[in-house]
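Just so you know, the protein sequences line up as chains H and X, in that order. Going by my numbering, the first sequence runs without a break in its numbering and finishes at 330. Going by my numbering, the second sequence runs without a break in its numbering and finishes at 330. One structure is given here, and the rest of the page talks about it.
Number of protein chains: 2
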Amino acid sequence: MSTASYVLNGDHKRVSVETRDLILAAARDLNYRPNAIARSMARQKTAIIGVIITEIQNPLFAPVTDGVEQILRQEGYQLLLASAGDVTSEIAAIETFLAQQVDGIIIMSLSLHFSDAHLRQLQAEGIPLVVINRDLDVPEIDQIQFDDYGSGRMGTEHLLSLGHTRIGLICGPVAPVEVRRRSAIERRRGWTDALAAQALPTPETWVIHDEYLFEGGYRAAQALIARDEHLTAVFVASDMMAVGALKAFHEAALRVPQDMAVVTIGDPPFTAYTIPALTTLRMPIMESGQIAARVLVESLRGQRTAPECLTLGYELRIRESCGSQLPHAH
Amino acid sequence: MSTASYVLNGDHKRVSVETRDLILAAARDLNYRPNAIARSMARQKTAIIGVIITEIQNPLFAPVTDGVEQILRQEGYQLLLASAGDVTSEIAAIETFLAQQVDGIIIMSLSLHFSDAHLRQLQAEGIPLVVINRDLDVPEIDQIQFDDYGSGRMGTEHLLSLGHTRIGLICGPVAPVEVRRRSAIERRRGWTDALAAQALPTPETWVIHDEYLFEGGYRAAQALIARDEHLTAVFVASDMMAVGALKAFHEAALRVPQDMAVVTIGDPPFTAYTIPALTTLRMPIMESGQIAARVLVESLRGQRTAPECLTLGYELRIRESCGSQLPHAH
DNA sequence: GCGTTTCAGTGAAGCGCTTCACTAGAATAT
DNA sequence: ATATTCTAGTGAAGCGCTTCACTGAAACGC
């Protein structure tokens, strides 16, 4: 039995070629399938990674999961998936994963401010953990972030570079605390700083916060129009919101980009097919999943010394909605 | 030890209240966490379900996975996820799942015509299996389908009911065989039959097949416009394609719905925020995941006798692109 | 009061594998 | 020729739990 085990695990030194072939042949004849559970039991590791995401249907999660899965598959790990929309169910998911003896955990959250005592504890117990997109003040934990401040700044600066000075902001929720998104706060900060750097005003009335949804963008744009602040451009900090905003502008007979230039944030291909096509800051979502998985795998192999704390940048994709390609009057 | 096991598994008959409390207290003190691997080993089942999807990023998959996850979580099962874009990797994923001793498998494929010898074999080995959206000719296997023929028919009939007679079709790929989608074939059949039932013509030139993508719909609409067949309406058999088509129509200065009425198929919320909002046949995607999970769980509990073969219907959502709400001239 | 049933708890096998420690024999060294 | 090393293979413990078969004591029946 031990010989068979060595053969099936590819230990070439311990077994002669003849016995090896014999065993392999027997395995084939018997239709032998190794029992991963028993192996995990004996080895005290499972080659399974637990992945927790906040909501499966959120557009961020498919690409992240895809990225994670690509790398894990390639590295020989399996992926146990759970969704957890609040701290209680996150803790429950972690407990289940630990019971399941996962080798490591990846958590991809919305940029909500969750409490993280349980993550500290996980870390303390020595379970390899990588966290994506969470406002976490625990430097020992590997983290992958997005440069949300930079995105706010970059989007606004692009509009500034096109000559706009009255640039509004449609952004995700910043209050109340349960739904507040770090990304929304940071993007707003970026917008503010970009305008302030040019000594331009940033009045409260040029900003609308709403949910990161089509509906939210639609409502926000309507509200902004109603305020009649003579804006010539708006930075919409989410592609779903931008689609909603485009509709509201269209209904208000505001032409984009002539009457209202739009820059937004996102990754999905559909931003290229809106009317007009949206100029976006591409968010490296799938990449964040890949990187998280790689970092985790390196941890598991003991190839890491210091904790990772990466911030991924956005990339400007100029299309029609910002009006770059049009001569426009100011 | 056995007493502890009984207590922790909630067997109330075998243990006195005092010992139970003692054991529970000790478990708490020791921070005891049951080892699911060891339990699986002893019980010969894992409470893990393997889920295979074709491409994580395909818009069908997030809702399906969501539906599956909801039910499985509620029923106490874990979800092991793998993506497999072709038969070879599907077989590999199944092998891994079997090694992992999953209790059952759910496969959600694109409606490609995959070979299914390996599924028959799975079935023969007695592994509970539910397949969503695959063209499978194996009546013993539980299957969840979408009524694609019905959707083609229903969408076309809606346009007929609005007085259109020259109704084009933009549809998914039907050839070559590697990329051919059953859904495309069926929807075309529905379109043909709906028109034929009214003794209307269904010329080849009114139909364009392309990929189920924004790009595909864009190209297809351009091609259709170029043919100049004086169509007044088109059934676009995918919401992504419809978004692309809308853009092509817009660029060709064709007004939707006045010059070209559009009905499409899909579920995602974004169809309500296109310009104009798309009239769609809603595809019960998440529901298909829920149902698949329920069927599987029932199988695992031995509560099923006959194999399931469900076909889920589509539901018409009238919005702007079909022109229902407009008086229009014919 | 004796046999029977119930109750509470214990012992031990076994789930399928890995891996350390070991052995017998062959090869090599001195 | 003897000691040492190497090679190929074996034995057995053990991973952490479940569950069947069992036991001793208490409760019950007539």
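Just so it is clear, CB atoms sit at the ideal spot from N, CA and C, and this is done for glycine as well.
ASP147/X: contacting residues in chain H (beta-carbon distance under 7 Å): Chain H residues near ASP147/X: none, gap ~23 Å exceeds 7 Å.
Distance between beta carbons of MET260/H and ALA226/H, contact taken as under 8 Å: No, ALA226/H and MET260/H are not in contact; Cβ-Cβ is about 14 Å, not under 8 Å.
Proximal residues, the segment 60 to 82 of chain X versus chain H, C-beta separation under 8 Å: PHE61, ALA62, PRO63, THR65, ASP66, GLU69, ARG73, GLN78, LEU79, LEU80, LEU81, ALA82
Any C-beta of chain H under 8 Å from that of ARG33/X: yes
7 Å Cβ cut-off: residues of chain H touching THR96/X: GLN78
Residue environment, THR311/X, which counts as buried when at least 16 other CB atoms sit within 10 Å: exposed
The segment 301 to 323 of chain X: positions lying closer than 8 Å to chain H by Cβ: none
Start and end residues, beta strand (DSSP E) containing MET108/X: 104 to 108
Sheet register partners of VAL131/X (DSSP bridge): ILE107/X, GLN143/X
Test: ALA252/X CB closer than 8 Å to a CB of chain H: no
Three-state secondary structure (DSSP) of LEU136/X: coil
Nearest to GLU178/H (by Cα), restricted to the options HIS113/H, GLY67/H, SER83/H: HIS113/H
The segment 40 to 56 of chain X contacting the segment 70 to 81 of chain X, beta-carbon criterion three pairs below 8 Å: yes
For LEU213/H, the three-state DSSP class (helix, strand or coil): coil
Coarse secondary structure for LEU80/X, derived from DSSP in three states: strand
Interfacial residues, the segment 203 to 221 of chain H to chain X, with Cβ spacing under 9 Å: LEU213, PHE214, GLU215, GLY217, TYR218
Residues within the segment 223 to 243 of chain H neighbouring chain X, beta-carbon criterion of under 8 Å: MET240, VAL243
Proximal residues to GLN74/X (C-beta, below 7 Å), its chain only, five neighbours per side dropped: none
8 Å Cβ cutoff, PRO269/H in contact with chain X: yes
Whether VAL131/H touches LEU122/H by CB criterion (8 Å): no
Which of helix, strand or coil DSSP assigns to GLU315/X: strand
Close-in-space but distant-in-sequence residues of the same chain around THR202/X (CB under 8 Å, 5 per side omitted): TRP191, THR192, LEU195, ALA196
Three-state secondary structure (DSSP) of PHE61/X: helix
Proximal chain H residues relative to ILE107/X, where beta-carbon distance stays under 7 Å: Those do not exist, as ILE107/X stays about 16 Å from chain H at its closest Cβ, beyond 7 Å.
DSSP bridge partner residues for ALA233/H (one or two, in chain order): ILE167/H, ALA261/H
Exposure label - ASP11/X; buried when at least 16 CB within 10 Å: exposed
Cut-off 6 Å between Cβ atoms - residues of its own chain near ILE185/H, not counting five sequence neighbours on either side: VAL174
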